[in-house]
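J.: Provided herewith is a single structure, encoded as structure tokens, for subsequent inquiry.
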Amino acid sequence: MSSFSARHRLWLLALLIGSAALLALGLAIGSTGWSPMQNDGDPVMRQILWDIRAPRSLGAWLAGALLALAGAVAQGLFRNPLADPYLLGCSAGASLGVAALLFMMGFSPAATALALRIGMTGAAFAGAVGAVLLTLLLARGVEQSLRLLLAGVVVGVVLGSGSALLTLMNPDILRAMQAFMLGSTGFVGWSAVSIMAVCLGACLLVGLGCSRSLDALSLGEATAASLGVRLALVRLALIGTLALATGAAVAQCGLIAFVGLVAPHLVRSWGPVTHQSLLLLSPLAGGMLLLSADIAARWVIAPQELPVGIITALLGGSYLLWLMHRRGSGLGGAR
Amino acid sequence: MSPCLLSLEMRSLRLGRSTILHALQLAPAACAWTAVVGPNGAGKSTMLRALAGLLPFEGTLSLQGRAWSQWQARERARAVAWLGQNEASADELSALDVVMLGRLPHQPWLAPASVEDYSAVEQAMRETQSWDWRERPLSSLSGGERQRVLLARALAVQSGVLLMDEPLAHLDPPHQSDWVQIVRRRVAAGAAVVSVLHELNIALQADTVVVMDGGRIVHQGAPQDPATHTALQQVFQQRLLILQVQGRWLALNS
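These protein sequence lines map, in sequence, to chains A and B. Residue numbering for the first sequence follows the numbering used here, starting at 22 and increasing by one per position. Residue numbering for the second sequence follows the numbering used here, starting at 1132 and increasing by one per position.
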């Protein structure tokens, strides 16, 4: 908009440097805690660094960035500060996908073979995107925000009960489901990193392309329409972005809580911000958040590991609480 | 009479099952300020939204002689500016960012704001005396200050048609006078201004007063026309005291 102001450039730089520093730290923290690379060329060490720590750290950052971008898009699109990436049923859809996959595994050899081909990530992604499509269908298009939100809630509840039922019918999958619901960055490899990087790039492009329309939308739908914003097109593009970003992150890392909700609020707490800046800065902040949580998850009780979702929920929850107290009526209370 | 920029010929407008507006015609002329008045629930705001092409209805709407639907959205947005009432407010944007949104229809997709954009924004903000707090977020402004920023946003479009719903909400008397001055300047420059007003004394300074009741236009006429006064008395249940003071018409509650 008017300016990607000097202040925002400074924040951008700070977040980029912070992300780089955290990535370096992530390379130095292993399953036994602090273990930076020695300068002898130990091939095992190099392999650990290159094949485990590097993709894991980068993957955690990318997943955090994707969720934060999705959160910023959702909050802008629905003009609701409590909107998060899981709003349109993504999380419930992904859980159902994973539950159905795990359930199928024990069914018959053919089903197992099919399940293995699809894989956890494929099932989660298909579930997440399918849930959003179902929400769109129930809301009969993208015309009305309120109907979309309600349809999202309905889809979330119904699909959630579906995966609960599958889990109850086959308690063997309980543990795997629990791990997925808590989220983990432990299994991210280079292929996952490249998928998430491509998704992040695409989602950022679409998001930034729609950023002025989001600004206009924050003045109300009538004003946005009077300014020549094609609401249906913008909504469709942004919901697609929301589904892709959330689906990509959830498929690789499970249901990580709070990053998508908190990161945009963190950026907003630094002062007035246009959506262009918000959509650029939130992913960087979200990436840093999830990567720090991932590092903490590895480090705190090493050589054991905490599920990263627990840490993000703790960090995010306490941050929101602090923000709520600091800003009083803030968090959009005046809307 | 100057040519009309906008022309609305409505057969009816329904929201859900109820008919909000009945058959009516309105063609605000260029170089004129039209004020729409009437009791609560008369359909004033709904008619203005229809006039802005924001609501579907049975009938036709044309802009500069061309059907509304034949215009490109952006092209149309440069010609018609809209200021709504009680719409969502962009709490996170600075006042300058909000006013700059008025330049959206003038800017190519993704292009940064040009020098003309900045000068249009500054002019609009100085006109509404909101330039001094351009850096402040909208959430930190009072109701009246916010209204002046939103007014500047509509002015920054620099359109030939300006449609405003309750533009005087939250404005104190000096800024109400400023608003009238701004409207007069726009009208002198050739614009058609249509405003829905609750402030009858301000409305009686317009070039044309449109009196509405029950989803119909009861009367259109000049503010000094006795027929206009009769229509006003009729829709407000004969509970007005309309008098002339120092050459101006006033409507007081009786």
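Where a beta carbon is used, it is the ideal one built from N, C-alpha and C, also for glycine. From a predicted model like this one, the values you see are computed outputs, not experimental measurements.
Quick check: is the beta carbon of Leu1379/B nearer than 8 Å to any beta carbon in chain A?
T.: Residue 1379/B sits at position 248 when you count from the first residue of the second sequence. Per the sequence presented here, residue 1379/B reads as Arg, with Leu not at that position. No, no contact with chain A.
J.: Considering only residues of the same chain and omitting the five flanking positions on each side of Arg168/A, which have a CB-CB separation below 6 Å?
T.: As a working note, residue 168/A is residue 147 in the first sequence. Contacts found: Ala160.
J.: Taking 8 Å as the cut-off, decide whether the C-beta atoms of Asp1248/B and Arg1257/B are in contact.
T.: Along the second sequence, read from residue 1 onward, the residue named residue 1248/B stands at position 117. Along the second sequence, read from residue 1 onward, the residue named residue 1257/B stands at position 126. No; because the gap between Cβ atoms is not below 8 Å, this pair is not in contact.
J.: Are there 16 or more other CB atoms within 10 angstroms of the CB of Met190/A, so buried, or fewer, so exposed?
T.: Position 169 of the first sequence, counting from 1, holds the residue named residue 190/A. The residue is exposed, with fewer than 16 neighbouring Cβ atoms inside 10 Å.
J.: Let me know the secondary structure DSSP gives Asn1384/B once reduced to three states.
T.: As a working mapping, residue 1384/B is identified with position 253 in the second sequence. In this structure, Asn1384/B counts as strand in the three-state DSSP scheme.
J.: Ignore the nearest five residues each way along the sequence and tell me which others in Thr156/A's own chain have a CB closer than 6 Å to its CB.
T.: As a position in the first sequence, residue 156/A is number 135, starting the count at 1. Cβ neighbours of Thr156/A beyond the five flanking positions: Leu109, Gly110, Ala172, Gly173, Val176.
J.: Counting only C-beta atoms, is Ser23/A closer than 8 Å to chain B at any point?
T.: Translated into the one-based positions of the first sequence, residue 23/A becomes position 2. In this prediction, Ser23/A has a pLDDT of 41, which is less than 50 and means its spatial position is unreliable; nothing more can be read from the coordinates.
J.: Assign Pro76/A to buried or exposed, taking buried as 16 or more other Cβ atoms, counted over all protein chains shown, within 10 Å of its Cβ.
T.: As a first step, residue 76/A must be located in the first sequence, where it is residue number 55. Pro76/A should be labelled buried.
J.: My output table needs one value for His1350/B: the three-state DSSP class, helix, strand or coil.
T.: In the second sequence, counting from the first residue as 1, residue 1350/B sits at position 219. Strand, per DSSP.
J.: Rounded to whole angstroms, how far is the Cβ of Cys19/A from the Cβ of Val321/A, which I believe are closer than 8 Å?
T.: In the structure as shown, chain A starts at 22 and stops at 356, and residue 19/A therefore has no counterpart that could be examined.
J.: Output yes if chain A places a C-beta closer than 8 Å to the C-beta of Ser1089/B; else output no.
T.: There is simply no residue 1089/B to check, as chain B begins at 1132 and stops at 1385 in what is shown.
J.: Could I get the ranges of all uninterrupted alpha helix (DSSP H) runs contained in the region 1247-1293 of chain B, with 4 residues as the minimum, in chain order?
T.: If we require 4 residues or more, the alpha helix (DSSP H) runs fully inside the region 1247-1293 of chain B come out as 1274-1287.
J.: Helix, strand or coil for Ser53/A, going by three-state DSSP, please let me know.
T.: Along the first sequence, one-based indexing puts residue 53/A at 32. Contrary to the premise, residue 53/A reads as Thr rather than Ser in this sequence. Note: Thr53/A maps to coil in three-state DSSP.
J.: Between the alpha carbons of Arg1379/B and Gln1364/B, how many angstroms are there, rounded?
T.: By 1-based counting over the second sequence, the position of residue 1379/B is 248. By 1-based counting over the second sequence, the position of residue 1364/B is 233. Cα to Cα, the separation comes out at about 18 Å.
J.: Report the residue from Met1178/B, Gln1289/B, Thr1191/B, Pro1170/B whose alpha carbon sits nearest the alpha carbon of Ser1138/B.
T.: On the second sequence, residue 1138/B is found 7 positions in, with the first residue counted as 1. Among Met1178/B, Gln1289/B, Thr1191/B, Pro1170/B, the Cα nearest to that of Ser1138/B is on Thr1191/B.
J.: Assign Leu34/A to one of three DSSP states: helix, strand, or coil.
T.: Position 13 of the first sequence, counted from the start, is the residue given in the question as residue 34/A. Three-state DSSP puts Leu34/A in a helix.
J.: Determine the DSSP secondary structure at Glu1140/B, reduced to helix, strand or coil.
T.: Taking the second sequence and counting its residues from 1, one reaches residue 1140/B at position 9. Note: Glu1140/B maps to strand in three-state DSSP.
J.: When DSSP builds the beta bridges, which residues end up paired with Val1376/B?
T.: Numbered from 1 along the second sequence, position 245 holds the residue referred to as residue 1376/B. According to DSSP, which records beta bridges pairwise, Val1376/B is partnered with Arg1379/B.
J.: Please tell me whether Ile1333/B and Gln1375/B are closer than 8 Å, where the distance is taken between their beta carbons.
T.: To locate residue 1333/B, count along the second sequence from 1; it is residue 202. To locate residue 1375/B, count along the second sequence from 1; it is residue 244. No, they are not a contact pair.
J.: Cβ of Leu1383/B within 7 Å of any heavy atom in the ligand ATP?
T.: Questions concerning the ligand ATP fall outside what the structure shown contains, since it holds no ligand whatsoever.
J.: Quick check: what's the CA-CA separation for Ser239/A versus Leu1182/B?
T.: In the first sequence, residue 239/A corresponds to position 218, counting from 1. In the second sequence, residue 1182/B corresponds to position 51, counting from 1. Those two C-alpha atoms are separated by around 22 Å.
J.: For Trp1202/B, which three-state DSSP category applies?
T.: The count along the second sequence starts at 1 and reaches residue 1202/B at position 71. Of the three classes helix, strand and coil, the one that applies to Trp1202/B here is coil, per DSSP.
J.: So is Leu1383/B buried or exposed if we call it buried at 16+ other beta carbons inside 10 Å?
T.: Along the second sequence, read from residue 1 onward, the residue named residue 1383/B stands at position 252. The residue is exposed, with fewer than 16 neighbouring Cβ atoms inside 10 Å.
J.: Roughly how many angstroms lie between the CA atoms of Ala246/A and Leu1185/B, to the nearest whole one?
T.: Numbered from its first residue, the first sequence carries residue 246/A at position 225. Numbered from its first residue, the second sequence carries residue 1185/B at position 54. Each residue's alpha carbon lies about 7 Å from the other.
J.: Using only CA atoms, which one of Pro324/A, Gly261/A, Ala147/A lies nearest to Pro106/A?
T.: The residue given as residue 106/A occupies position 85 in the first sequence. Nearest option by C-alpha distance: Gly261/A.
J.: Going straight from the alpha carbon of Ala136/A to that of Leu187/A, what length do you get?
T.: Translated into positions along the first sequence, residue 136/A becomes position 115. Translated into positions along the first sequence, residue 187/A becomes position 166. Their Cα atoms are separated by approximately 15 Å.
J.: At 4 residues or longer, what runs of the alpha helix (DSSP H) sit wholly inside the region 274-316 of chain A?
T.: The qualifying runs are 280-289.
J.: Interface residues of chain B around Leu240/A at Cβ under 8 Å?
T.: Residue numbering aside, residue 240/A sits at position 219 when the first sequence is read from its first letter. What Leu240/A touches in chain B: Glu1218, Ala1219, Ser1220, Ala1221, Val1229, Leu1232, Leu1281, Arg1284.
J.: Considering only C-alpha positions, which residue in the set Pro324/A, Val283/A, Ser166/A, Gly114/A is nearest to Ala145/A?
T.: Numbered from 1 along the first sequence, position 124 holds the residue referred to as residue 145/A. Ala145/A has its Cα closest to that of Gly114/A, out of Pro324/A, Val283/A, Ser166/A, Gly114/A.
J.: Quick one: is Pro1236/B near chain A, going by C-beta distance under 8 Å?
T.: Along the second sequence, one-based indexing puts residue 1236/B at 105. Yes, because at least one Cβ of chain A sits closer than 8 Å to the Cβ of Pro1236/B.
J.: List, in order along the chain, the chain B residues whose C-beta lies closer than 7 Å to that of Leu248/A?
T.: Counting from one through the first sequence, the residue named residue 248/A turns up at place 227. Those within 7 Å of Leu248/A in chain B are Ala1208, Leu1232, Leu1235, Pro1236.
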